[in-house]
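Enquirer:
Residue numbers (our numbering): 1 to 357.
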């Protein structure tokens, strides 16, 4: 009896294992059939694709200073989308070496455009390349176009120093601090003594020079009048010998400046800045100037201007300086007469009794 009982238990266990195996196989087959049935229900459906997408990456993504890396932008878009020229911005820590034109490739129902930009690493560190804005146009069936843009995600790159190619340095120690040395008092004493000697010698030289110089008494020189200055300048002009050297224009330029400076100083007007016509108009409005005097002034100024600004050789006379001097002399006499008359009238006003007697 015990033997028959053990045989029965073994048979039951074996049948149980076979049943479990059959159930597992049946479950697996049902899952496979369900998946195939789901595909069969929608045989014409495909995975929806984005009208335009962009990928940005760098190869290699780890570089050393001076290495050239390829920054790649891959744009996948529908045929009715036209990618506009890409403007690559400046990248901090990199120099743009070259930018290849986009390479187009048909990828199923879409077009793939690959743009490669070559960069040279100039700074170490983990530097993300900026996201680039890509502009495009979508063509409509009616012939119109709509503008759009898409942003490429930043691409990461790590730039290391060339020294790290051989691993981390282990035999380089930190710089030791500066050892302070005591001051050299002997050197400073010698410098101080030398400075004192130089100061003493300089003081003695200055004092001896001051004592050796005779005492000079300052004399105040009265400023020259407009008449005296004009006479002095006319004499200096004749000494320069412009006419003998045939430097006619230089001669008349200085003569004009002397004459105008006299008029401006004597009659308080900006004659050097005024034109000839402005000076003549001023003289006509001056009640103290007669018609003959105004005509003489006009003739002298216009004649000097004609020779001064003449492009070709113009007939000139050495008597023009004499005419200017004669005009200045006449102006001086007129001013003296006017001053005498005014002084006499003031005297009569202040002493009426003496005039009556």
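Using N, Cα and C, we set each Cβ at its ideal position, and we do this for glycine too.
These figures come from a predicted structure and were not determined experimentally.
(1) Report all residues from its chain with a CB closer than 7 Å to the CB of residue 230; omit the five preceding and five following residues, and keep chain order.
(2) Relative to the C-alpha of residue 295, which candidate in 277, 349, 49 has its C-alpha closest?
(3) Residues in the same chain with beta-carbon distance under 7 Å from residue 325, minus the five sequence neighbours each way, listed in chain order, please.
(4) In three-state DSSP terms, what is residue 126?
(5) Output needed for residue 242: all residues of its chain with C-beta closer than 6 Å, excluding positions within five of it in sequence on either side, in chain order.
(6) Quick one: what's got a C-beta closer than 7 Å to residue 44's C-beta in the same chain, skipping five residues either side?
(7) Consult DSSP for residue 211 and reduce its assignment to one of helix, strand or coil.
(8) What are the boundary residues of the beta strand (DSSP E) that residue 83 is part of?
(9) Less than 8 Å between C-beta atoms, sequence neighbours within five positions excluded: which residues of the same chain meet that for residue 92?
(10) Counting only the same chain and skipping the five closest in sequence on each side, list residues whose C-beta sits under 8 Å from that of residue 279.
(11) On the DSSP letters alone, give me the boundaries of the alpha helix (DSSP H) that residue 283 sits inside.
(12) Quick one, are the C-beta atoms of residue 61 and residue 116 less than 8 Å apart?
(13) Taking just the CA atoms, how far does residue 207 sit from residue 186?
(14) Could you check what DSSP says for residue 158 in three-state terms: helix, strand or coil?
(15) I'd like the span of the alpha helix (DSSP H) that includes residue 77, first residue to last.
(16) For residue 62, name the three-state secondary structure that DSSP assigns.
(17) I'd like to know whether the C-beta atoms of residue 145 and residue 73 end up nearer to each other than 8 Å.
(18) Following a CB-centred definition, is residue 97 positioned closer than 7 Å to any heavy atom of the ligand NAD?
(19) Looking at C-alpha atoms only, which residue of 158, 289, 51 is the closest neighbour of residue 148?
(20) Who does residue 120 pair with in a DSSP beta bridge?
(21) For residue 120 and residue 65, I'd like the C-alpha separation in whole angstroms.
(22) Which partner residues of residue 136 appear in the DSSP bridge assignment?
Expert: Reading it off the structure:
(1) Setting aside the 5 residues that flank it on each side, residue 230 is surrounded in the same chain by 258, 262, 328, each with a C-beta closer than 7 Å to its C-beta; the list follows chain order.
(2) Out of 277, 349, 49, 277 has the C-alpha closest to the C-alpha of residue 295.
(3) Here the set comprises 234.
(4) Three-state result, residue 126: strand.
(5) Closer than 6 Å at Cβ, skipping near neighbours: 250, 251.
(6) At residue 44, the pLDDT of 45 sits below 50, so the modelled position is not reliable; the number obtained from the coordinates is stated separately. Nothing listed; no residue qualifies.
(7) DSSP places residue 211 within a helical segment (H, G or I) once states are collapsed to three.
(8) Its beta strand (DSSP E) spans residues 81 to 83.
(9) So the qualifying residues of the chain are 123, 127.
(10) 260, 263, 269, 271, 297, 301, listed in sequence order.
(11) Element bounds for residue 283: 276 to 285.
(12) No, the pair does not count as a contact, with Cβ atoms beyond the cut-off.
(13) Their Cα atoms are separated by approximately 32 Å.
(14) The three-state reading of DSSP puts residue 158 in strand, counting E and B together.
(15) Per DSSP, residue 77 belongs to no alpha helix (DSSP H); it is in the beta strand (DSSP E), 68 to 77.
(16) It is a strand residue.
(17) No, the Cβ-Cβ distance between residue 145 and residue 73 is not below 8 Å.
(18) By its list of ligands, the structure shown contains no ligand whatsoever, and the ligand NAD lies outside what it can speak to.
(19) Among 158, 289, 51, the Cα nearest to that of residue 148 belongs to 51.
(20) Its beta-bridge partners are 68, 95.
(21) Spanning the two alpha carbons is a distance of roughly 8 Å.
(22) DSSP output for residue 136 lists 83, 148 as bridge partner(s).
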